[in-house]
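Read the structure below first, then the notes.
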Amino acid sequence: MELRLSAADLGRITVAQGADPELEFQLSLRMLRRPSLPCFVEWHGEMAQRFRYREVTDRSGFERAAIEPYWDRIEKFVAAERVRLGRTLLDGGLDGLLSTLHPEVRWAPPTLRVAGPDEPVAAAGGLLVQPSVFVGHHPMLVRRGGQAVLVQPVSCELEDQADEQLGALMGHTRAKLVKLLMLAGGATTTQLARRADLSLAAVSQHVGVLRAVGLVVTQNAGRERCHLLTPAGARLVERPACS
């Protein structure tokens with residue numbers, strides 16, 4: 006599929022602010038009916054038994070079993086991908102972003118090509134990049150609500166192992182703070198203390214250590230100080246995409 010982007014369209018390229026519940030529901034049904042990817046083996050086996058492999062007649066029951074228990078994790082994956090895409094845009098501009106979205110997405114200005122049926126998709130309204138967990142390996146180019154949407158695969162495996170390794174490397178509390186900064190794109194000491202359930206003094210101490218080793222940078226933001234991950238800090242918590 007291909008999408009022709011005018012100069013006006015390029016000015017309306019955005020990344021979704023979070024996971025799309027309806028999209029994840031529809032794609033999870035598709036995942037249930039297809040051979041399982043490595044990172045969905047356990048999920049697929051359990052859901053296939055509960056919903057007889059192919060027939061889902063109770064939407065609310067399926068959502069409670071197949072999506073809701075994993076929703077926090079889905080949101081975390083999507084938030085991390087949003088941060089990664091934002092950094093790519095800042096470092097390489099729109100050309101850098103569109104050129105590195107996915108191996109199956111080719112950017113040959115003014116056309117964005119995605120592996121799939123050979124048919125054009127109108128770009129009226131720009132382009133929304135929507136990270137998704139249940140889309141699996143392959144990106145999709147669709148129209149939703151009159152807008153072109155690129156459904157972008159995100160990380161969905163090795164999370165537990167990576168969390169253990171990160172905790173072993175820097176301690177579980179500092180690892181938690183680093184992950185919170187990745188998801189939020191930055192946070193003040195007060196915000197980190199509230200989200201991590203720590204005292205202000207404890208957060209300041211841990212952030213000071215992370216800053217000293219080059220994983221965090223701190224900037225003034227009015228009366229508060231905002232902590233941000235450095236590129237080195239961000240790389241520690243990024244996940245490899247399903248492949």
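Throughout the sequence shown, residue numbering follows the numbering used here, covering 6 to 248 in sequence. A virtual CB, placed ideally from N, CA and C, is assigned to each residue, including glycine. In this text, all values refer to a predicted model and were calculated from it rather than measured experimentally.
Rounded to the nearest angstrom, what separates residue i and residue j at their Cα positions?
| i | j | result |
| --- | --- | --- |
| Val-20 | Leu-234 | 20 Å |
| Arg-55 | Val-212 | 45 Å |
| Val-156 | Gly-23 | 12 Å |
| Arg-9 | Val-218 | 45 Å |
| Thr-178 | Leu-220 | 14 Å |
| Pro-114 | Ser-104 | 10 Å |
| Gly-130 | Glu-73 | 31 Å |
| Val-110 | Ser-204 | 45 Å |
| Val-88 | Ala-189 | 9 Å |
| Leu-37 | Ala-71 | 10 Å |
| Leu-95 | Thr-116 | 21 Å |
Is it buried or exposed, residue i, if we count other Cβ atoms within 10 angstroms and call 16 or more buried?
| i | result |
| --- | --- |
| Ala-12 | exposed |
| Arg-228 | exposed |
| Ser-297 | Any property of residue 297 remains undetermined from this structure, which presents the chain solely from 6 to 248. |
| Pro-108 | exposed |
Is residue i helix, strand or coil by DSSP?
| i | result |
| --- | --- |
| Val-183 | helix |
| Met-145 | strand |
| Gln-31 | helix |
| Pro-136 | strand |
| Gln-252 | Outside the modelled stretch of the chain, which goes from 6 to 248, sits residue 252, for which no answer is possible. |
| Thr-235 | coil |
| Arg-228 | coil |
Check the C-beta distance from residue i over to residue j and give it rounded, since I have them as a contact under 8 Å.
| i | j | result |
| --- | --- | --- |
| Val-222 | Arg-216 | 7 Å |
| Ile-18 | Leu-146 | With 8 Å as the limit, Ile-18 and Leu-146 do not qualify as a contact, their Cβ atoms being about 13 Å apart. |
Across the region 30-37 and the region 131-151, are there enough close Cβ pairs to call them in contact, namely three or more that are closer than 8 Å? yes
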